[in-house]
Amino acid sequence: MVAVSYYCPRCGAVAELDRDPYLADKSVTPFPLGGWTYAGPGDDFEADDYDGVKFVCGRDDADWSHPPDADAAADEPGCGEPFYLNFVRYEDGEAVSGRPESEYVRLAEGVGPGGPRGPSGPGR
-14 MVAVSYYCPR CGAVAELDRD PYLADKSVTP FPLGGWTYAG PGDDFEADDY
36 DGVKFVCGRD DADWSHPPDA DAAADEPGCG EPFYLNFVRY EDGEAVSGRP
86 ESEYVRLAEG VGPGGPRGPS GPGR
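In this text, residue positions in the sequence shown follow the working numbering: the first is -14, and each later residue adds one.
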């Protein structure tokens, strides 16, 4: 087992995870990759059932520390937001590139675009 550190992409808090060195890391993202399955850091994430680890920054079973440039006397490290460690995943012998999961957005109805009006002043 080796201790590997991962930075939260939002606040820079550091999670340390003990794991086997044979696992190949692909990326750390603030969003899950579509089609990847995630375990928590306290689960058996090295099992073939999982493609990565979902961290909740500062709040789960990893060892957490403040970002290197932060005041260590401050409150507990971490922003409480999820982020994802993605392992390299293969399909048919080829490495798969991940994409963020799709998000559906509901737009407000009857509201036009807002923003600043054009220039105003003398002669306009």
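All C-beta atoms, glycine included, are put in the ideal place defined by N, C-alpha and C. Computed from a predicted model, the values in this text were never measured in an experiment.
Limits of the beta strand (DSSP E) - the one that residue i falls within
i: W49; result: D48 to S50
i: T22; result: Run containing T22: none; DSSP gives neither H nor E here.
i: D10; result: D10 to T14
i: V81; result: Neither: V81 is in no beta strand (DSSP E) and is coded neither H nor E.
i: A(-12); result: V(-13) to Y(-8)
Sequence-distant residues of the same chain with beta carbon closer than 7 Å to residue i, five excluded per side
i: L8; result: E31 and F72
Proximity of residue i and residue j at Cβ, strictly below 7 Å
i: G63; j: W49; result: yes
Proximal residues to residue i (C-beta, below 8 Å), its chain only, five neighbours per side dropped
i: R4; result: M(-14), V(-13), V(-11), F30 and E31
i: R(-5); result: P15, C42, C64, E66 and F68
DSSP-derived helix/strand/coil call for residue i
i: D3; result: strand
i: E76; result: strand
i: D36; result: coil
i: F68; result: strand
Residues near residue i in its chain [Cβ-Cβ closer than 6 Å; skip 5 each side]
i: L2; result: V(-11), P26 and A47
Backbone CA spacing between residue i and residue j [nearest angstrom]
i: L18; j: G37; result: 9 Å
i: T22; j: D34; result: 7 Å
i: S12; j: D60; result: 28 Å
i: G(-3); j: Y(-9); result: 9 Å
i: R74; j: A80; result: 6 Å
i: L118; j: F40; result: Nothing in the structure corresponds to residue 118, since the chain is present only between -14 and 109.
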